[in-house]
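These notes are about the structure you will find just below.
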Amino acid sequence: MKLRDDWDFRGLAHQATSETVLDRLSAGGVTAYIGFDPTAPSLHLGSLLQLCNLRRLQMAGNRPIVLAGGGTGLIGDPSFKAVERPLLTKEHLEANVEGIRLQMSRFLDFSPSAGANQALLLDNAQWLTTISLTEFLRDVGKHFTVNQMIAKETVKSRLDRDDVGLSFTEFSYMLLQAYDFLRLHLDQGCTLQLGGSDQWGNITMGTELVRKITGATVDGLTSPLLLRANGEKFGKSDISNEHVWLDASLTSPFALHQFLLNAEDEMTPALLRFFTFLDHTTIQELDESTSTSPQQRRAQHALANEVVSLVHGVDAAKSAERAGEALFAESIAELDEATLLQVTADAPSSTFARDELRAGIDAPELLVRCELASSKAEARRFLEQGGVYVNNVRIDGDTPVDLTQALHDRYLVVRRGRRQLHLVVVA
RNA sequence: GGGUCAGUGCCCGAGCGGCCAAUGGGAUCUGGCUGUAAACCAGACGGCUUUGCCUACGGGGGUUCAAAUCCCUCCUGGCCCA
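Residue numbers for the first sequence follow our numbering, so the first one is 138 and each next one is one higher.
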């Protein structure tokens, strides 16, 4: 299978500086890079597409470079951001780069055995923090006019607003990213930059800079933005409205699995194409299944299992699948102790004294202590609305929870709403 | 540095001396219907020892019986001028 055909099938290409980019990638031997913002200690679901694309490149015989934005992160990319973001410290960024490095290794082959295709991780802090201001202005700034810079769609929206401004620092961001491409071209022979469609403006600044300084033609290739049916960006959790992370300590394998399992029907074709490496026939069968018998959610299951396997390993995917079945399909009270613990392994837990529970705990109090409610007022609200369950049985706010309800004489599975869980262990 | 406009709950945004824990929209949450989906419907959405009290409308101070609303000052931001 040629890479070009695969990319066409999956709909991975949005914009390209040249028609022939995909053909060259199909032939192999291209060095390409993607930049990642180390603004967090982990990558999130939004970055997964880029990660998968790098992997696809490498499998097709190209050399992927991951560029951590340790230097650009000090500035902050203003592209399509409504307001300026707080600046991060150098130490903070370095720690984040380290976290990201670990996650990358699950997707890309960084080992020397990969030969000419060996993946490479670089940090642009290397060159951005050492170049002098005058050098930068002469060598890079000279090649761009402010006129073209403010014409970029990425900054235009900010300039048009009358309540916030755009600081010079942020405005300079695109020049730094352009310089990255130049460095990678000169040092590594890199001829292609990939990214999300929001990076198009920044990427073309880079291709232009390389052309002006070296005369060489390098390319840019972007992937489409993944949007939900309602037009929102995909990747934020419904539960916390926070990113879905690829780090198990930030988003558990179970939570990741659940998130994907709950994907809207309309999105599964795109998600399967973007985030999995399933072959085309399988994907088409799953599409078919979604339209003929959507209630089976075969596509969602396949998606969840594939992605969790890729990110956390096959075992994690299996146990997440099993946990979901137990929690939602079976009666929790009938589980044996080992299974119960396994099923709730991902949920936060806390320990209560046996005496305290023997006496009984008021339901609002219990919810607050389990961090299922941020205040007693909120806890009472949940109880009034019928959103609180102990061992999958709805409880009211008037009856205290006590030891007689404990499973195996020592566990209480407290649930708020559809899927916020907490395990109480009686000491 | 000068002028001017603005800063309200998670976000946007009304209110411009008492009837304000503060209209409305979005987000979020809970319930219903479902397929652990979407859409849709209903309700909730500062805290507490909850017929009441406390804390809140950028910070501090003041006027007043009473201030998110008036005055002073500081901070932050937009725009214009230098």
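C-beta: ideal position from N, C-alpha, C; glycine also.
Note that the coordinates shown come from a computational prediction; the quantities given were computed from them, not determined experimentally.
Could you check whether residue j and residue i sit closer than 8 Å to each other, using their CB atoms as the reference points?
i: V292; j: F318; result: no
i: N442; j: A454; result: yes
i: V480; j: L464; result: yes
i: F412; j: L440; result: yes
i: G338; j: T359; result: no
i: Q152; j: S294; result: no
i: L258; j: L383; result: no
i: A407; j: L363; result: yes
i: G357; j: T168; result: no
Go ahead and label residue i buried or exposed: buried means 16 or more other beta carbons lie within 10 angstroms of its beta carbon, across all protein chains shown.
i: S377; result: In this predicted model, S377 has a pLDDT of only 45, less than 50, meaning its place in the structure is not dependable; the value taken from the coordinates is given anyway. By the 10 Å Cβ count, S377 comes out exposed.
i: L296; result: exposed
i: M241; result: buried
i: A353; result: exposed
i: N261; result: buried
i: R200; result: buried
i: A510; result: buried
i: R649; result: Outside the shown range of the chain, which is 138 to 564, sits residue 649, and nothing can be said about it.
i: V138; result: Contrary to the premise, residue 138 reads as Met rather than Val in this sequence. Burial call: exposed.
i: P390; result: buried
i: Q263; result: exposed
i: L558; result: buried
i: L329; result: buried
i: F305; result: exposed
i: T344; result: buried
i: A400; result: buried
i: V451; result: exposed
i: H417; result: exposed
i: D160; result: exposed
i: E156; result: exposed
i: Q187; result: buried
Quick check: does the Cβ of residue i come within less than 7 Å of any heavy atom belonging to the ligand FMN?
i: Q557; result: In the structure on display, the ligand FMN does not appear, and there are no ligands present to speak of.
Under three-state DSSP, which class holds residue i?
i: G523; result: coil
i: V167; result: coil
i: D416; result: coil
i: A315; result: helix
i: V381; result: coil
i: L182; result: helix
i: G357; result: strand
i: G497; result: coil
i: D260; result: strand
i: P175; result: coil
i: V550; result: strand
i: A510; result: coil
i: V277; result: coil
i: T481; result: coil
i: P390; result: helix
i: A543; result: coil
i: T282; result: coil
i: F247; result: coil
i: R459; result: helix
i: D255; result: Residue identity differs from the one stated: residue 255 is Gln in this sequence, not Asp. If DSSP states are grouped into helix, strand and coil, Q255 belongs with coil.
Can you give the beta carbon distance from residue i to residue j, rounded, assuming they're within the 8 Å contact cut?
i: M342; j: A315; result: 4 Å
i: I171; j: L204; result: 7 Å
i: R147; j: R410; result: 4 Å
i: L477; j: L544; result: 7 Å
i: I202; j: C327; result: 6 Å
i: T176; j: G207; result: Not a contact, Cβ separation roughly 11 Å.
i: L504; j: V527; result: No, L504 and V527 are not in contact; Cβ-Cβ is about 10 Å, not under 8 Å.
i: V530; j: R547; result: Not confirmed; about 17 Å, so no contact.
i: F173; j: S184; result: 6 Å
i: L182; j: H380; result: 7 Å
i: E515; j: G534; result: Not a contact, Cβ separation roughly 12 Å.
**Request:** Flag this pair as touching only if the segment 494-514 and the segment 534-542 have three or more C-beta atom pairs under 8 Å; answer yes or no.
**Result:** yes
**Message:** Assess contact between the segment 265-275 and the segment 241-252, defined as three or more Cβ pairs (one per stretch) separated by less than 8 Å. Is contact present?
**Reply:** no
**Prompt:** Using 8 Å as the Cβ pair cut-off and three pairs as the minimum, do the segment 251-259 and the segment 193-208 touch?
**Reply:** yes
**Message:** I'd like to know if the segment 412-431 and the segment 484-492 are in contact, where contact means that at least 3 CB-CB pairs between them fall below 8 Å.
**Reply:** no
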